[in-house]
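Notes follow the structure.
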Amino acid sequence: MKLLNTILQFIFPKRCVVCEKHDDQNLCADCLKEVPQVRNKKSELVFSALPYRHPAVKYSLWEFKFKNNPSAFMKLLPLVHDVLIDELTERSIFNNFQNPLLVPIPLHKNRHKARGFNQSELIAYHIHKINPDIFDINETGLIRSKDTEPQAKIANRELRKKNIEGCFEVLQPNAFHNRNIILIDDITTTGSTLQEAMKVLKKSGARNVYAFTVAK
Ligand SMILES: [Zn+2]
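Terminal number for the sequence shown in our numbering: 475, no gaps in between.
As structure tokens, this is what we get:
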């Protein structure tokens, strides 16, 4: 298999998904430097790092989520982390004696089992790993107890909101009580999933709840 890969690599060398140069990398260093950031409004509780329409972002998330290949995504990760720090600084979230708590948006256990991993959990894990002194993490206190239709399959905003209603449950209210929480997800469109999770965490005593996604 390794030999086959080497031969295939030789015949069809990898191209950068942005500039299409044959340099044997899915995302070359020059293009990585050019990846733009999302401009978030400082008043928004839901904010994002990168524009999904950019080919490097689209490719990285697609490979990560559906092909279990995080190699391109890992190149974007330092940028994603830096945007998060900037946004939290702007929102004065660090003016507090407790570290912000990263909480990944959970998958229902059936979907988790089918995919084999939760991409949001891995994103939160890697951000925490870059900066363990600044971030705390909790991956088990919030669960998805209702297996809902994927939001992407529902076109209407109102129906999306209804679809997701009541799907989250807090298992460890003590873990969230009085904390500044940052929900982590890979991508947001209308934000209804994040809004619902924010509502549930607020109800269980969280101080401030923000949501941060890699792309939008
Ligand atoms: Zn390139």
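Heads up, the beta-carbon is just placed ideally off N, CA and C, and yes, glycines get one too. All values reported here derive from a predicted model rather than from experimental measurement.
- In the structure shown, Ile396 adopts extended strand secondary structure according to DSSP, grouped into three states.
- The DSSP-derived three-state label of Ile344 is helix.
- A residue is listed when its beta-carbon falls short of 7 Å from at least one non-hydrogen atom of ligand 1; in chain order these are Cys275, Val277, Cys278, Lys280, Leu286, Cys287, Asp289 and Cys290.
- According to the DSSP assignment, Ser379 belongs to the alpha helix (DSSP H) that extends over Gln378 to Ile389.
- DSSP places Thr472 inside the beta strand (DSSP E), whose first and last residues are Asn467 to Ala474.
- Around His340, the same chain offers Ile386 and Ile389 as residues with beta carbons nearer than 6 Å, after the five sequence neighbours per side are excluded.
- Between Ile446 and Val473, the C-beta spacing is below 9 Å.
- For Ile446, the beta-bridge partners assigned by DSSP are Ala474.
- Leaving aside the five residues that flank Thr448 on each side, the residues in its chain whose CB is nearer than 8 Å to its CB run, in chain order, Gln410, Ala411 and Lys475.
- Collapsing the DSSP output to three states places Glu417 in a helix.
- The region 421-431 and the region 325-344 do not touch, with fewer than 3 CB-CB distances between them shorter than 8 Å.
- Under a 10 Å Cβ-count criterion, Leu263 is classified as exposed, with fewer than 16 other Cβ atoms of the shown protein chains found around its own Cβ.
- About 10 Å separates the beta carbons of Ala315 and Leu338, which is beyond the 8 Å limit, so they are not a contact pair.
- Within the same chain, Cβ atoms closer than 7 Å to the Cβ of Arg419 are found at Gln410, Ile413, Thr449 and Ser451, the five residues on either side in sequence being excluded.
- If you look at Arg374, you'll find it in the alpha helix (DSSP H) that goes Lys368 to Arg374.
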